[in-house]
Structure formats: structure tokens, C-alpha cells
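Q: Sending over a structure as C-alpha cells; questions will come in a sec.
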Amino acid sequence: MFIFNPKPAAEEQDDKPRPPSQNEKGAAALAHLAGVFWLPILPMAVLALMIPLIVLQFARVHSDYVEQHAINACNFQLLMGCLYALAMLAGFIVQSPLPLWWIAIGSAIFALWEGAKAINGWPSRYPVSLKVFR
1 MFIFNPKPAA
11 EEQDDKPRPP
21 SQNEKGAAAL
31 AHLAGVFWLP
41 ILPMAVLALM
51 IPLIVLQFAR
61 VHSDYVEQHA
71 INACNFQLLM
81 GCLYALAMLA
91 GFIVQSPLPL
101 WWIAIGSAIF
111 ALWEGAKAIN
121 GWPSRYPVSL
131 KVFR
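Per UniProt numbering, residue 1 is the first one in the sequence shown, and the count goes up by one each step.
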């Protein structure tokens with residue numbers, strides 16, 4: 001479990017959750033939509049890992065909504081990074097780019113789906129992910 005930027009002490013709040021603002025929805029969607037960078041036509045796969053992590057570090061002290069979406073995005077993109085590395089290895093073994101494209105397209109589809117949920121203010125839940133960030 002990694003916590004680089006801990007939350008400050010809670011201030012006076014009621015237990016009633018407030019709806020997310022447009023800025024919070026946009027930041028949450030940005031964390032999810034970074035998964036599109038796994039596509040091999042965009043040679044910046046490291047951004048798929050870095051963008052959700054950066055959003056998580058800035059959102060941890062500002063918004064619970066963005067934090068939850070960024071945590072889910074970080075965990076899922078970390079899993080996709082591991083699968084992407086395995087797909088590259090499998091692609092070299094079978095001399096075909098199909099395993100790489102399969103992982104990249106799957107990641108992009110889930111990223112777009114979760115990004116749309118974040119824009120609409122819905123909670124995020126990927127079907128599979130590593131639980132590294134909490």
C-alpha cells in the first residue's frame with residue numbers, strides 16, 4: 001500500500017456526501033482516460049501509469065470523489081502495465097503483435113467506460129485490478 005501524500009486531519013463536516021463538481025468530474029475522468037495511452041499507435045505508454053498517479057497525489061487532499069476514481073484507475077493501470085509487459089513478451093515469442101493489441105484495446109475500452117462513468121458522477125469499479133493503492 002502506497003501513500004505518498006496523506007490526507008490532512010478532517011475538519012468540521014457533516015456525514016452527508018456532496019455531489020461532485022464539474023472540476024472533480026473532469027479530474028476523475030482524466031485519471032481513467034489515461035488508459036488510452038496503452039494503444040501502440042500512441043508511443044507514450046508510461047503516461048498511462050503516470051497520469052492516474054499524479055491525479056491521485058493532487059486529489060488526495062482535495063476531493064474524496066476524485067481520490068476514489070484515481071485509486072481505481074491507478075490499480076487498474078498497474079495491472080494493465082503488467083499484462084502489457086507479458087503481452088510484449090508473448091508477442092516476441094509468437095512473432096505477432098496481436099497479444100499487445102488485445103491488451104491495449106481492452107485497456108482502452110475499460111478506460112473509456114470508466115471515464116464516462118466519472119463524467120456522469122457515478123462510482124467507479126473495474127472488473128479486475130491489483131489492490132496496491134488504497
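Built from N, CA and C at the ideal position, the CB exists for glycine as well.
Keep in mind that this is a model prediction, so the values were computed, not measured.
Helix, strand or coil: how does DSSP classify Val55 here?
A: As a first step, residue 55 is located in the sequence shown; it is residue number 55 there, counting from the start. Helix at Val55.
Q: In angstroms, rounded to a whole number, what distance separates the CA positions of Trp101 and Val132?
A: Position 101 of the sequence shown, counted from the start, is the residue given in the question as residue 101. Position 132 of the sequence shown, counted from the start, is the residue given in the question as residue 132. Taking the straight line joining both Cα atoms gives about 25 Å.
Q: Excluding five sequence neighbours on each side, which residues of the same chain lie with their C-beta closer than 6 Å to the C-beta of Ala87?
A: Here the question's residue 87 lines up with position 87 in the sequence shown. Around Ala87: Pro99, Leu100, Ile103.
Q: Which of the three DSSP states, helix, strand or coil, is assigned to His62?
A: Here residue 62 refers to the residue found at position 62 of the sequence shown. His62 falls in the coil class under three-state DSSP.
Q: Cβ of Gln95 within 8 Å of Cβ of Ala34?
A: Working through the sequence shown from its first residue, we reach residue 95 at position 95. Working through the sequence shown from its first residue, we reach residue 34 at position 34. Going by C-beta atoms, Gln95 is not nearer than 8 Å to Ala34.
Q: Looking at C-alpha atoms only, which residue of Pro17, Gly121, Leu130, Tyr84 is the closest neighbour of Ala108?
A: Taking the sequence shown and counting its residues from 1, the one referred to as residue 108 is at position 108. Taking only the C-alpha atoms, the option nearest Ala108 is Tyr84.
Q: Just reading off the alpha helix (DSSP H) that Asn120 is part of, what are its end residues?
A: Position 120 of the sequence shown, counted from the start, is the residue given in the question as residue 120. First-last for Asn120: undefined, no H or E at that position.
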